[in-house]
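Residue numbers (this note's numbering), protein chains in the order written: chain E, 3 to 126; chain G, 2 to 163.
Even for Gly, the Cβ is constructed at its ideal location relative to N, Cα and C.
The next block holds one structure in the form of structure tokens; read it before the comments.
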Amino acid sequence: MLVEYIPLFLVIAFAIVFAFGTVFSSKIFGPQRPNPEKLSTYESGVQPVGTTHERMSVKYYLVAMLFIIFDLEVIFVYPWAVQFKKLYLDPSVGTTAFYAMLIFLVVFEIGYLYVYKKGGFKWD
Amino acid sequence: MNLYDIIFYLFAIITIVSATFVVFTKNIVYAAYNLLLTLFGIAGLYVLLGADFIGIVQLIIYVGGILILILFGVMLTNKITDVPIKSGVLQVIPASIGVGMLAGILILIVTNISWRNMELTVPESTIGSLGMLLMNEYILIFELLGMLLLIALIGAANIARK
């Protein structure tokens with residue numbers, strides 16, 4: 003069973019090695035002759051104004067909150083989607099699986115419409 | 002020490018080291034990013050235990066969702082770096098009693114259980130059987146979950162738009 007995950011582990015390992023490798027190899031192999039002009043944030047660009055530690059708008063938080071709930075909804079679709087063909091061919095389940103998911107989604111879409119009408123997706 | 006052990010210790014080290022950073026770092030942004038690594042390590046451990054669905058849920062909900070919420074929460078605050086995160090030492094005696102009792106219970110549990118070495122029988126994939134159960138025995142609970150999510154969505158909409 004673990005054998006199936008070996009490609010996944012390889013991808014993760016490659017991603018980590020690649021990310022760190024590209025960042026640090028330029029530090030290791032490249033020549034380092036810094037001067038104040040080079041070290042500025044945008045060498046040929048506009049001088050930055052202020053710090054990066056700005057307060058973000060609370061709107062982002064609300065979007066993230068809605069995102070998590072939709073995320074949770076998708077989680078429940080996965081087991082159904084993986085097993086759908088088997089469920090459909092199963093005589094004791096048949097089309098029930100389809101309608102069960104339809105009801106689940108319709109119930110959820112009521113919430114979606116509620117948020118839409120309430121203006122939850124508006125940015126301002 | 003086979004491949005399984007090596008992968009287990011890799012994820013365990015990732016989890017524990019990043020969790021230690023979460024506790025001890027002075028910058029809350031670093032703490033949040035280390036929490037990402039902690040949750041990722043736990044997801045890896047779930048997969049190793051054969052609970053692949055829980056592993057995916059851990060990745061999608063916690064790493065992808067809750068952590069973004071935490072990061073946005075951090076970004077909402079005005080000061081990020083120079084915040085005294087550590088609270089002072091308060092209530093030493095009740096705290097030590099609580100910690101001592103918890104440690105005692107944990108030690109009792111660990112020493113009293115007869116740990117057995119079981120032959121590993123990891124199921125192929127749990128998602129399939131989970132889908133079967135969700136659509137057969139627990140179909141009512143499944144629909145109720147839809148209602149629960151609806152309530153959560155309405156609550157979130159009400160918080161978002163007064």
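For this session: Give the interface partners of Y44/E over in chain G, defined as CB-CB distance under 7 angstroms, in chain order.
Result: Locating residue 44/E in the first sequence gives position 42, counting from the first residue. Simply none; closest approach about 22 angstroms.
Exercise. Chain G partners of D126/E, CB-CB under 7 angstroms?
Worked result: The sequence position of residue 126/E within the first sequence is 124, counting from 1. Under the 7 angstroms cutoff, chain G gives no residues; its nearest Cβ is about 12 angstroms from D126/E.
Exercise. At least one CB of chain G closer than 8 angstroms to the CB of Y7/E: is that the case?
Worked result: Here the question's residue 7/E lines up with position 5 in the first sequence. It does: the Cβ of Y7/E has a partner Cβ on chain G nearer than 8 angstroms.
For this session: Drop a sphere of 10 angstroms on the beta-carbon of I7/G, count the other beta-carbons inside from all chains shown, and report buried for 16 or more, exposed for fewer.
Result: Reading the second sequence from its first residue, position 6 is the one you call residue 7/G. Its Cβ having fewer than 16 others within 10 Å, I7/G is exposed.
Problem set entry | Beta-carbon proximity of V95/E to N137/G, cut-off 8 angstroms | Stepping through the first sequence from its first residue, residue 95/E is reached at position 93. Stepping through the second sequence from its first residue, residue 137/G is reached at position 136. In contact: V95/E and N137/G (Cβ atoms closer than 8 angstroms).
For this session: Under the assumption that S19/G contacts G51/G (Cβ atoms under 8 angstroms), give the Cβ distance between them as a whole number of angstroms.
Result: Taking the second sequence and counting its residues from 1, the one referred to as residue 19/G is at position 18. Taking the second sequence and counting its residues from 1, the one referred to as residue 51/G is at position 50. That belief does not hold up - the Cβ atoms of S19/G and G51/G are roughly 23 angstroms apart, past 8 angstroms.
For this session: For D73/E, name the three-state secondary structure that DSSP assigns.
Result: Counting from 1 along the first sequence, the entry for residue 73/E is found at position 71. D73/E falls in the helix class under three-state DSSP.
For this session: Just the C-alpha distance for G45/G and V75/G, rounded to the nearest angstrom, thanks.
Result: As a first step, residue 45/G is located in the second sequence; it is residue number 44 there, counting from the start. As a first step, residue 75/G is located in the second sequence; it is residue number 74 there, counting from the start. Cα to Cα, the separation comes out at about 26 angstroms.
Exercise. Got a sec, what are the start and stop residues for the alpha helix (DSSP H) N28/G sits in?
Worked result: On the second sequence, position 27 is the one that residue 28/G refers to. That residue, N28/G, is in no alpha helix (DSSP H); it is neither H nor E in DSSP.
Exercise. Do the CB positions of I61/G and D73/E come within less than 8 angstroms of each other?
Worked result: Looking up residue 61/G in the second sequence gives position 60. Looking up residue 73/E in the first sequence gives position 71. Yes, Cβ-Cβ distance for I61/G and D73/E is below 8 angstroms.
Problem set entry | Inter-residue Cα distance where the pair is V48/E and S42/E | As a first step, residue 48/E must be located in the first sequence, where it is residue number 46. As a first step, residue 42/E must be located in the first sequence, where it is residue number 40. If I take the Cα positions, the gap works out to 10 angstroms.
Problem set entry | Distance, I57/G Cα to F73/G Cα | Within the second sequence, numbered from 1, the residue matching residue 73/G stands at position 72. Within the second sequence, numbered from 1, the residue matching residue 57/G stands at position 56. So the alpha carbons of these two residues sit roughly 23 angstroms apart.
Exercise. Are the C-beta atoms of F20/E and some chain G residue less than 8 angstroms apart?
Worked result: For the purposes of this step, residue 20/E is identified with residue 18 of the first sequence, where counting begins at 1. Chain G, which has no Cβ nearer than 8 angstroms to the Cβ of F20/E, makes this no.
Problem set entry | Length of the line joining the Cα atoms of L10/E and S27/E | On the first sequence, position 8 is the one that residue 10/E refers to. On the first sequence, position 25 is the one that residue 27/E refers to. Going from the Cα of L10/E to the Cα of S27/E covers about 25 angstroms.
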